[in-house]
Structure formats: structure tokens, C-alpha cells
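Below is one structure; the comments refer to it alone.
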Amino acid sequence: MKKNKIRLGISLGDINGVGAEVILRTFSDNRVLELVTPIIYGSTKTISQHKKALEIDVQYNRIQSADEALNKKLNIVAVWKEEVKVVFGEKSSTGGSYALKSLEAATQDLAAGKIDGLVTAPIDKKTIQSESFDFPGHTEYLTKMSNASSSLMFMVSGSLRVGVVTGHIPLQDVAKNLKKEEIVQKAIMMHDSLQKDFGIRKPKIAILGLNPHAGEKGMLGMEEEEVISPAISQLTGDGYLAFGPYAADGFFGSSNYKNFDGILAMYHDQGLIPFKALSFGSGVNYTAGLPIVRTSPDHGTAFDIAGKGLADPSSFRAAIYLAKDIISNRQLWKEITASPLKLQEKKPRNKKEE
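Each residue of the sequence shown is one higher than the one before, counting from 14 in our numbering.
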């Protein structure tokens, strides 16, 4: 990794959305190609339709395998050879099926070590559903593919980092799925990621409450008293710098969030609404807690603007940069935590000891 550029696999996402546009606009700037070697999993025929319609000036290298990828080039692995008509803005099973083909090919190469990390363009969570993809989203799919029991949806924009305990589940199910053990597990996962992936030696983590005003000592709900505070007590007892529970509105409104390295929200919108309000366009969705590195932009397929040349590549570009930084930080962490002394096999001194 020190000698070669980091090789980033890129899944194309829904072919009728803005995924291809933000990818092409990102790599139309040759300076990005100096940092990483990008490998798109898709089809030059599909990419060409986007390139022509959007009038994006970018060159690419068609390859059959990631092993053939060239540095300083935008490489495209031919996952399918047939010509598929791109219908901008259309939500269809065709768009979903080719998004899955791209994702599966990229995931296989990631598992095989042919690429160092994965950046995923947006999918439509409904049309991608099939026998081989029965998940709420990328996070759950990649967690399963990594043989991990859990992972952390971690939204990142500069020093603002927000994770969630419960992810893609209905709001009505949040309270009953909120367990002390789960909060502890996600907080430790966040702590470990902040150390290993972001290079923060002693991370400070803020933990939000669930109810308005963090429950007002039981007047507005008992989750803080019965679940969240005990989780924080266990974390602090084990030596983690965990604080809270904080009422979410005052926490973000007073800028208290700036005092912490990571913030753990109890459910999806509690964390993502303030995150996107503060950083939309530059935020990145990172799946922490896995042996692999995966990032994605903080927006969806944006069918309403697909093909109109209006998609902002800033978040996708940030996802490329973050994936590169995390891969580098993990390598550094591995080096600095490795034992400097090689264990030597002890030889017997005499026949009796042998």
C-alpha cells in the first residue's frame, strides 16, 4: 500500500439515477486520479450514455478484471456486455437489477483483495430487492457479506461524526429495539473506529437521549433512566470517555456537538437530520465496524434531477477522499500497534527439558 496507489472499487448504483454523473464529474478532475486508482463496476456502454447526455469530458480505460487497472486512469470493469437503455429518472426493476450486478461484482473483488476499499453510488432500496438482496440498504448487505454480526452507520463531515444505534427500522419500533447492550456495542464500535480509522487517540463520545428533553428524569419517558444511562455508566466504568444522555435539540442547537469526536444518536433521523442540515453536500456515509472499508455519498438516487446536469459531486468526492484516508489510517494503526519484538521459539536446553 505504500508503493502502490490505493485501489478503490466503485459500484455504479441505479443506472437511472445520478450515480454515474457524480462519478464522472469527480474523475473529470485529473487531480483525483493522482490520489487513488478508481475501478468502476459496470459497463462502458452504460457509462457512455451518461457521458454523452451530460456532456462530461472524461476518458476511461475498459478492462475485464480489476487486476488490469491502470494508475492515473478511470478504469471500468465490464460487468455486463449487453446494451441497457438508461431512462433518466425512472424507478424500475431494470435499474435495480443492474445496480445489484455492479454491487455484487465489486463486493466479490473486495472480498478477494483485488481492491482496497469500496465506494457505493446510490441505489433505490425498493427496486434493488431480489432473492439475493433482501436488505434495507447497503449497510446491512455489506455487514452480512463481511460475516459480521453488527456494524455502525457513521455519518462523517470533517470533525462532525454521527452514528446511530438503530438504523433502517420504522420509528414505531425504535423504543422496543433500544437495548443497553446494543448502545454499549455501538459506542465501543464508534470508539474503536475513531481510534483506528480516524487516528484519534482518546475519543470523546456524546450519547443522545431518546425522548424530548432526554426524558426529564422519567417524566417524558423512561428509556434514559432504564436503558441509556446504565449503558453510559457501563462505558465510563470500562474507561471510555462517554457522556450524556443529551437532549438532541439543545445539543445541536447550542453547538455542544463541536466538543466531541463522535456522537451516538438513538435512531436514524435523530442523527441524520441535524447532520445533513449542518453538512449537506459534504457528508459521507461510512460503514464502521467491518473488516472492509466502504463509504458512500450522503444523498440518494435523486431521480428528480437525473440526466439534467444538476447533480453536485461534492459528497461523492468526499466519499473517495474519506475511503482513501481510512485505508491509510488503518495501515498506520496496524503498524504502530504491532509488536516490535518478534517472538522466538524457545529451544530446549537439555534432553530432560525437551
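All residues carry an ideal CB built from backbone N, CA and C; glycine is no exception.
- Note that the C-beta distance between valine 132 and isoleucine 28 is not below 8 Å.
- For isoleucine 213, the closest of Gly30, Met203, Ser295, Ile69 by C-alpha to C-alpha distance is Met203.
- The shortest CA-to-CA distance from leucine 116 to any of Lys94, Lys86, Arg38, Gly150 is the one to Gly150.
- Glu236 is the residue among Asp325, Asp251, Glu236 whose C-alpha sits nearest the C-alpha of tyrosine 259.
- By the Cβ-count criterion, serine 164 is buried, with 16 or more other Cβ atoms from all chains shown falling within 10 Å of its own Cβ.
- At the C-beta level, serine 162 and isoleucine 305 stay beyond 8 Å of one another.
- Relative to the Cα of valine 177, the nearest Cα in the group Gly234, Gly32, Ile201 belongs to Ile201.
- Looking at the DSSP output, threonine 39 sits in no beta bridge, so it has no partner there.
- The C-alpha of valine 97 is placed about 16 Å away from the C-alpha of isoleucine 89.
- Following the DSSP letters along the chain, one finds valine 49 in no alpha helix (DSSP H) but inside the beta strand (DSSP E) bounded by residues 49–55.
- With a threshold of 16 other beta carbon atoms within 10 Å, glutamate 34 meets it and is buried.
- Comparing C-alpha distances from serine 170 to each of Leu345, Ser352, Tyr334, Ile141 shows the shortest one belongs to Tyr334.
- Contact between aspartate 137 and glycine 102 does not hold, since their C-beta atoms are separated by about 11 Å, which reaches or exceeds 8 Å.
- Within the same chain, Cβ atoms closer than 7 Å to the Cβ of proline 216 are found at His204, Leu207, Gln208, Leu254, Asp274, Gly275, the five residues on either side in sequence being excluded.
- Inter-segment contact for the segment 64–78 and the segment 34–52 is present: three or more beta-carbon pairs are separated by less than 8 Å.
- By the criterion of a C-beta distance shorter than 7 Å, alanine 315 is surrounded in its chain by Gly30, Val31, Ala324, once the five residues flanking it on both sides are discounted.
- DSSP places asparagine 74 in the strand class (E or B) of the three-state scheme.
- Cβ-Cβ distances below 6 Å link threonine 120 to Met158 in the same chain, with the five nearest sequence neighbours on each side left out; the list follows chain order.
- Counting every other CB atom within 10 Å of its CB across the protein chains shown gives histidine 181 a total below 16, marking it as exposed.
- Burial of glycine 284 is indicated by the presence of at least 16 other C-beta atoms within 10 angstroms of its C-beta.
- In its chain, beyond the 5 residues on either side, Asn224, Gly228 have a beta carbon closer than 6 Å to the beta carbon of glycine 234.
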